[in-house]
Structures are given as structure tokens and as C-alpha cells.
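Okay, so here's the structure we're looking at.
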Amino acid sequence: MTKLQDRNDAQAIETVYAHYCTVIDSKDFTGLREVFLPDAVQDYRSSNGILEFGVEPLITRLTRNMGHGSLCGETAHSVSNIRIKVDGDTARAKARFHATHHGLEHFVGKRYACWGEYSDDWVRTDDGWRITRRHYRNTRTEGPVEIIRGRPAPAS
Numbered sequence: 045m046t047k048l049q050d051r052n053d054a055q056a057i058e059t060v061y062a063h064y065c066t067v068i069d070s071k072d073f074t075g076l077r078e079v080f081l082p083d084a085v086q087d088y089r090s091s092n093g094i095l096e097f098g099v100e101p102l103i104t105r106l107t108r109n110m111g112h113g114s115l116c117g118e119t120a121h122s123v124s125n126i127r128i129k130v131d132g133d134t135a136r137a138k139a140r141f142h143a144t145h146h147g148l149e150h151f152v153g154k155r156y157a158c159w160g161e162y163s164d165d166w167v168r169t170d171d172g173w174r175i176t177r178r179h180y181r182n183t184r185t186e187g188p189v190e191i192i193r194g195r196p197a198p199a200s
């Protein structure tokens with residue numbers, strides 16, 4: 045690959061990172077199909093103990109925990125300091141993130157914020173670049189994490 049092609053690929057990956065943030069903040073979680081491969085592995089064990097296989101379980105979990113009807117209101121996600129190494133039709137990237145989640149109901153006036161790093165493996169597809177594996181690592185959190193953990197199950 046040429047340096048120009050590598051730069052074009054890196055810009056395309058950066059665009060997908062921006063799309064990811066837009067998808068999360070709009071609560072249109074089905075848009076994650078344009079970010080992750082259908083069988084992508086997401087490792088959130090450092091945050092919530094979850095190792096997820098496939099984009100559909102991720103969509104289901106985020107819809108339940110942060111979607112309409114959850115305890116999570118408006119959010120603001122951003123990525124920065126993106127470092128990308130393209131190798132033909134694959135790439136590895138690291139990106140710093142900051143996410144703020146405003147609470148609803150008994151969490152009104154409170155927010156949960158987290159900072160950390162995504163370490164992602166990417167592959168070029170016919171539809172563009174997609175994440176095949178994500179390792180999520182929080183470096184700092186503030187506020188009640190319950191805002192993004194979904195509603196507790198009703199007492200029996």
C-alpha cells in the first residue's frame with residue numbers, strides 16, 4: 045500500500061469512530077452494525093465483566109441500559125488521540141474516549157462519566173472498515189455507574 049492509501053484508510057477509520065459516537069448519542073444502536081462486524085468480539089471485562097460475542101448482543105444491552113426508557117438520558121461521547129496502523133486490509137487502532145451520561149428519574153441532576161481507551165482490530169469490508177475486536181479499558185470514572193446499567197429487575 046502507498047502512504048496515500050494508508051492515510052485514506054486511516055481517515056476512513058476515523059470517520060467510523062465519529063459515526064460510533066453519533067450512533068451512541070442518538071440512541072440509534074442498530075447503527076452499530078455499521079461499526080462492528082456481525083461476529084465482532086467486545087471485551088468490556090475491565091468495566092462491567094462482560095465479554096460479548098457479536099454485535100446483536102451489544103445492541104440489545106445498550107438499548108436496555110442506555111436507550112429510551114432507561115435511567116440514562118442525554119449522552120456525549122467523543123474519541124481523540126486516535127493512533128492507527130494500517131496493514132493492507134487490516135488495521136489496529138487505539139483511541140482515547142470520554143463519555144458523559146446524564147441520569148433520569150431518581151438520577152436527575154447526576155451524571156456518570158468515564159474516560160479510557162479503545163484498542164480495536166479492524167478489517168476492510170465491501171461496506172467499509174469494521175471493528176472485529178474491541179478491548180475497552182476505563183482509566184477513570186465519576187458518578188453513579190447505575191445510570192448506564194439498566195433498571196434493576198422488579199422484586200419478586
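Take the sequence shown: its position 145, counting from 1, is numbered 189 in our numbering, and each next residue is one higher. Note that the Cβ used here is the ideal one computed from N, Cα and C, for glycine as well.
CB Leu252 to CB Asp87, shorter than 8 Å?
As shown, the chain starts at 45 and ends at 200. That puts residue 252 outside it, with no answer to give.
Contact between the segment 137 to 156 and the segment 73 to 83: three or more CB pairs below 8 Å?
no
Under the assumption that Leu115 contacts Ile175 (Cβ atoms under 8 Å), give the Cβ distance between them as a whole number of angstroms.
Looking up residue 115 in the sequence shown gives position 71. Looking up residue 175 in the sequence shown gives position 131. Contact doesn't hold; Cβ gap of about 27 Å is too wide.
Identify whether His179 lies in helix, strand or coil by the three-state DSSP scheme.
The residue labelled residue 179 in the question sits at position 135 within the sequence shown. Reduced to three states, the DSSP call for His179 is strand.
Please tell me whether Glu58 and Ile126 are closer than 8 Å, where the distance is taken between their beta carbons.
Within the sequence shown, numbered from 1, the residue matching residue 58 stands at position 14. Within the sequence shown, numbered from 1, the residue matching residue 126 stands at position 82. It is a contact, given that the beta carbons lie within the stated cut-off.
Under 8 Å, do Arg77 and Asp133 count as touching if we go by C-beta distance?
As a working mapping, residue 77 is identified with position 33 in the sequence shown. As a working mapping, residue 133 is identified with position 89 in the sequence shown. Taking 8 Å as the Cβ cut-off, Arg77 and Asp133 do not qualify as a contacting pair.
Give me the Cα-Cα distance between Ala56 and Arg178, rounded to the nearest whole angstrom.
Taking the sequence shown and counting its residues from 1, one reaches residue 56 at position 12. Taking the sequence shown and counting its residues from 1, one reaches residue 178 at position 134. For Ala56 and Arg178, the distance between alpha carbons rounds to 17 Å.
Assign Thr46 to buried or exposed, taking buried as 16 or more other Cβ atoms, counted over all protein chains shown, within 10 Å of its Cβ.
Position 2 of the sequence shown, counted from the first residue, corresponds to residue 46. Result: exposed.
What distance in whole Å lies between the Cβ atoms of Ala135 and Asp53, which are believed to be in contact at a cut-off of 8 Å?
As a working note, residue 53 is residue 9 in the sequence shown. As a working note, residue 135 is residue 91 in the sequence shown. About 7 Å separates the two Cβ atoms, so the contact holds.
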